[in-house]
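Please read the structure below before turning to the comments.
There are 2 protein chains.
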Amino acid sequence: MLEKIDLSRKVGKAEYKEARERAEWKLGDLQREARDLAIPVIVVFEGWDAAGKGTLINNLILPLDPRGFSVYSALPPNEEEALRPFLWRFWIRTPARGRFAIFDRSWYRRVLNDRVDSRGKGPPLRQAFEDIRSFERQLADDGFCLLKFLLHISKAEQKRRFEKIRKNPATAWRVTGEDLRRHRQYRAYLAAFEDMLAETDSDAAPWTVVEAHDHRFATLKIFETVTGALERRIAAAQKKPKPRPSRRARPVGADADGPAILEGVDLTKSLERERYRRALKKSQRRIRELEHEIYLRRVPVIILYEGWDAAGKGGNIRRLTQNLDPRGYEVVPVGPPNDTEKSHHYLWRFWTQIPKAGHMTIFDRSWYGRVMVERVEGLCTEAEWRRAFGEINEMEQHLRHFGTVLLKFWLQIDPDEQLRRFREREQTPHKRWKISQEDWRNRRKWDEYEAAVEEMLLRTSTPQAPWTIVESNCKWYARIKVLDAVCEAIEQRLKG
Amino acid sequence: MLEKIDLSRKVGKAEYKEARERAEWKLGDLQREARDLAIPVIVVFEGWDAAGKGTLINNLILPLDPRGFSVYSALPPNEEEALRPFLWRFWIRTPARGRFAIFDRSWYRRVLNDRVDSRGKGPPLRQAFEDIRSFERQLADDGFCLLKFLLHISKAEQKRRFEKIRKNPATAWRVTGEDLRRHRQYRAYLAAFEDMLAETDSDAAPWTVVEAHDHRFATLKIFETVTGALERRIAAAQKKPKPRPSRRARPVGADADGPAILEGVDLTKSLERERYRRALKKSQRRIRELEHEIYLRRVPVIILYEGWDAAGKGGNIRRLTQNLDPRGYEVVPVGPPNDTEKSHHYLWRFWTQIPKAGHMTIFDRSWYGRVMVERVEGLCTEAEWRRAFGEINEMEQHLRHFGTVLLKFWLQIDPDEQLRRFREREQTPHKRWKISQEDWRNRRKWDEYEAAVEEMLLRTSTPQAPWTIVESNCKWYARIKVLDAVCEAIEQRLKG
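Protein sequence lines, in the order shown, are assigned to chains A and B. Position 247 of the first sequence, counting from 1, maps to 247 under the working numbering, and the rest follow consecutively. Just remember that the working numbering sits 496 ahead of the position in the second sequence, which is counted from 1.
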């Protein structure tokens with residue numbers, strides 16, 4: 001298809017000047033409207049070397065208010081980036097609501113250069129396409145306006161441009177051996193581009209091929225595409241105001257009649273003091289050794305804790321980390337999002353915390369807040385928390401594609417045990433700070449939360465990322481169960 | 497002095513258990529008090545390899561609420577970090593008010609390893625000490641509680657520990673050739689430690705040498721030092737509430753009678769259209785070439801704009817960047833700080849934006865807001881803006897030590913010209929969004945702002961970082977003056 005495109009299209013100088021000026025005014029206005037409507041915008045530039053990305057991006061940003069955009073160059077991943085899932089560095093750069101992010105090369109490197117070079121690094125190609133599709137769809141579902149440009153020139157034109165750059169001593173250094181090697185592989189890249197277009201062109205994030213032989217034609221086409229997409233997105237936002245959240249916790253659909261998972265949990269499981277002490281010592285020694293192993297083998301580990309208030313998350317995490325080297329792990333406590341976090345996709349703040357390969361991150365509460373507290377307290381819309389089940393599964397799958405060991409613990413206690421612990425906290429001076437009116441309020445909504453938890457466990461226990469329910473009426477039992485589950489999962493991974 | 501220290505001190509097991517438990521409760525309480533009083537805390541761990549930093553840090557953090565601290569390991573700088581001034585990676589990790597940051601190795605690497613290795617990289621040693629002292633004093637002045645531990649063991653003890661680690665196959669990999677090389681250089685490091693203590697022990701950030709042969713003794717000493725310092729800092733905060741800001745713009749002291757800088761500026765300077773066009777074309781071509789040069793030579797460039805509302809900053813920046821490659825520059829517009837930024841030192845948000853060597857960052861308004869808008873509008877205390885002159889000079893000096901080209905432009909217009917432009921903005925549909933009630937309010941305070949600007953120009957025009965006053969009644973003249981000044985400064989630097 002790319003070969004069929006007519007690359008001879010041109011625009012005259014006078015026509016260009018007038019049209020560009022008009023387009024610049026328009027884009028400036030649309031940027032302000034998008035800002036006021038809190039629409040986040042992503043524009044991706046991919047294409048051939050020497051197709052003029054730098055100049056075309058600069059043309060696009062000149063009429064924009066610099067307070068409202070950032071430009072990112074996706075060079076080959078640096079060390080920090082190579083140690084994380086390949087979408088990580090793009091997720092953390094997704095713009096806040098009302099802002100533009102412009103990418104000079106993007107997540108498509110993975111399915112272009114990496115593919116043609118067949119370095120054998122990273123996940124297989126189809127997995128990468130899958131991860132990209134869910135990434136883009138998740139953003140679009142959250143209200144992002146996404147545009148992708150493929151700057152297209154012929155092999156002959158590329159050759160001509162390289163020669164021109166190399167003739168000028170001031171710019172000769174810009175054409176590298178890599179560039180010339182890629183030039184010789186023009187056909188291989190063409191096939192990669194075609195495949196990329198076929199796999200990732202979607203309503204959510206459409207591709208526009210830009211005939212880039214004539215920079216005036218290319219500039220105008222980019223302006224028109226961007227302004228057109230913004231106008232449509234803005235019109236949609238003005239027509240359909242964002243629905244207001246409504247509180248709804250009851251499980252929906254057939255699942256409501258399914259087996260109640262939490263009901264079947266045996267909360268009498270316990271461990272007596274002496275056995276606990278011995279087991280703790282042994283397991284803590286084991287996990288310290290594994291911490292060294294995962295560092296040497298560059299395995300990333302994510303452990304997340306969810307559970308009732310006073311289920312013992314804090315003490316459990318403390319026993320897990322007590323003997324570890326603090327350089328190898330991090331505990332991330334998750335509370336309500338701050339202003340910056342609220343102005344991004346709800347998964348953004350978790351992406352920013354993803355561990356490097358070789359490190360361990362422990363989340364004290366997590367992204368599951370979306371389908372529990374945010375759902376029950378009406379902090380998001382029903383459509384949003386319904387969509388979240390699939391989004392979370394996709395995110396966890398992306399982590400698994402990267403080789404992450406992912407453990408999810410639900411700490412279960414019964415209402416009587418919770419009451420006992422609340423009272424104990426109130427009566428012990430050193431624990432009093434742990435209990436607040438908030439805890440009592442949540443407790444009164446036990447049933448609503450339970451329904452949400454049941455649905456969460458059902459919909460997000462995937463074969464790759466199952467939940468482990470931890471019987472926690474006896475704290476000692478719970479601590480050893482978690483420690484052993486973590487050790488086993490890591491050992492399994494190191495063997496595999 | 498270090499050699500004189502009695503390293504045989506020990507604590508018995510029973511005594512330790514009780515004392516540590518007591519210290520843990522206390523530290524937990526103090527952390528919550530520090531949080532409530534918004535006191536930021538930094539704890540630095542330096543010392544010999546195998547002195548037990550990992551274990552001692554873990555002991556310290558276990559009683560802390562994980563929502564309130566972060567641990568950072570200062571490995572040798574990665575690529576991102578090596579391309580910035582050496583304090584950059586620590587500045588951006590300074591904790592928000594109420595939080596702890598614990599550093600496993602720190603900015604002292606520069607004056608320890610780098611010094612002993614004499615790699616000749618980086619600024620000379622005395623410059624580094626100077627930069628460290630101003631960094632720590634700036635934080636202390638802002639209310640930080642700063643503690644620095646030097647974990648000390650003898651050469652014989654270090655040898656014994658290395659041998660023990662190497663005997664165990666599971667841990668043998670942890671002792672590297674580097675470690676052994678440093679062990680042989682024990683005396684050289686001892687001298688470096690002594691020098692470091694002498695140069696950087698201060699009330700603002702005192703050093704505590706910890707005898708680390710006995711880990712129980714070391715743990716308790718660390719706990720006692722931290723809790724003692726926190727108690728003193730908390731008591732001080734409770735006794736003396738933070739003074740409220742008061743508006744005061746009139747220049748103070750002898751300078752008030754000095755020459756009025758702005759009065760002498762010749763605002764009739766201008767350029768006619770045809771000459772402007774030719775000069776613009778020429779200068780834009782020149783700066784594009786220089787952009788490539790600084791990239792190849794890894795020179796960092798910072799250009800900051802300050803000036804009256806409607807002085808033409810936006811249009812000036814646009815002409816500066818019009819022809820540049822967007823991969824090489826970034827425009828950072830500076831508005832009021834957001835919540836996250838407010839919870840840090842006021843210079844923090846600018847440190848996070850410092851360009852990599854080889855790149856250019858253009859600040860549209862800057863850290864000078866502290867001594868202009870924050871001063872005039874009473875957004876900080878008088879003590880704070882008075883202190884800021886010196887702090888800013890120190891920051892700019894640190895940037896210069898790293899080889900940064902730093903340009904500071906004051907865009908000057910007179911009140912009549914401002915009025916003309918305000919009216920034009922109100923009457924032109926496409927410019928109307930640029931003008932607000934805020935602008936008219938600021939205009940009424942012209943004299944107060946002028947006094948603040950005069951004092952700023954006087955106190956922060958250092959030989960290393962002078963201000964350039966740009967006569968801006970004629971925008972064309974102003975644009976060419978800035979472009980040429982930037983080109984000249986870069987050329988000067990490339991020659992040097």
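The beta carbon of each residue, even a glycine, is placed where N, CA and C say it ideally should be. None of these values were measured; they are calculated from a predicted model.
Under the Cβ criterion of 8 Å, P66(A) is counted among the residues facing chain B.
In the structure shown, E438(A) falls within a helical segment according to DSSP collapsed to helix, strand and coil. At least 8 Å separates the beta-carbon of T956(B) from that of F905(B).
No Cβ-Cβ contact shorter than 8 Å links A38(A) with R89(A).
Residue pairing from DSSP places D104(A) in a beta bridge opposite F45(A) and S73(A).
Between the beta-carbon of I649(B) and that of A547(B) there is about 5 Å, and that keeps the pair under the 8 Å contact cut. Distance from A218(A) to L56(A) at the Cβ level is roughly 6 Å; contact confirmed, criterion being Cβ atoms closer than 8 Å. Using a Cβ-Cβ cut-off of 8 Å, V331(A) is close to P562 of chain B, given in chain order. As the crow flies, the alpha-carbon of L635(B) is around 39 Å from that of G307(A). Across the set R589(B), L716(B), E542(B) and L875(B), the C-alpha of L716(B) shows the shortest separation from the C-alpha of G508(B).
Counting along the chain, H152(A) sits inside the beta strand (DSSP E) bounded by residues C145 to H152. When the Cα atoms are used, R20(A) and N58(A) turn out to be separated by approximately 13 Å.
Contacts between H183(A) and chain B, judged by CB atoms closer than 8 Å, are missing: the closest CB pair is about 20 Å apart. The closest CA to that of H788(B), considering only E514(B), L503(B), A853(B) and D600(B), is found on A853(B). Bridge partners of I501(B) according to DSSP: none are assigned. Its chain contains C380 and W385 as the residues whose beta carbon lies nearer than 7 Å to that of E374(A), once the 5 sequence neighbours on both sides are disregarded; these appear in chain order. Taking a Cβ-Cβ cut-off of 9 Å, the neighbours of N58(A) in chain B comprise T817, Q818, N819, L820, D821 and P822, given in sequence order. In this structure P665(B) is exposed. Its beta-carbon is surrounded by fewer than 16 other beta-carbon atoms within 10 angstroms. For M196(A), DSSP records no beta bridge to any residue. With a cutoff of 8 Å on beta-carbon distance, T696(B) and T340(A) are scored as not near each other. The Cβ atoms of M196(A) and V116(A) lie no closer than 8 Å to each other. The Cβ atoms of R601(B) and S569(B) lie closer than 8 Å to each other. Against chain B, the CB of E80(A) has a partner CB under 8 Å away; the residue lies at that interface.
For F409(A), the enclosing beta strand (DSSP E) stretches over residues V405 to Q412. Your pair L87(A) and D131(A) checks out as a contact, with CB atoms roughly 6 Å apart and the cut at 8 Å. Assignment of T857(B) by DSSP, reduced to helix, strand and coil, places it in the strand class.
Taking A188(A) as the centre and dropping the five residues before and after it, the same chain places the C-beta of V116 closer than 7 Å to its C-beta, in chain order. At a cut-off of 8 Å between beta carbons, A597(B) makes no contact with chain A. Contact check for V828(B) and D860(B): beta-carbon distance about 7 Å, within the 8 Å limit, so the pair qualifies. Assignment of alpha helix (DSSP H) within the region 262-334 of chain A, counting only whole runs of 4 or more residues, yields 273-297 and 313-321 in chain order. Pairing R883(B) with D545(B) gives a Cβ-Cβ distance that is not under 8 Å.
Between A237(A) and the set W351(A), V43(A) and F144(A), the nearest pair of CA atoms involves F144(A). Across the set W603(B), F645(B), H709(B) and R633(B), the C-alpha of H709(B) shows the shortest separation from the C-alpha of K655(B).
Under a criterion of Cβ atoms nearer than 9 Å, the residues of chain B adjacent to H292(A) are, in order, A666, T667, W669 and R670.
Per the coordinates, the alpha-carbon of S343(A) lies some 29 Å from the alpha-carbon of K434(A). When the beta-carbon positions are compared, F599(B) and V671(B) stay at least 8 Å from each other.
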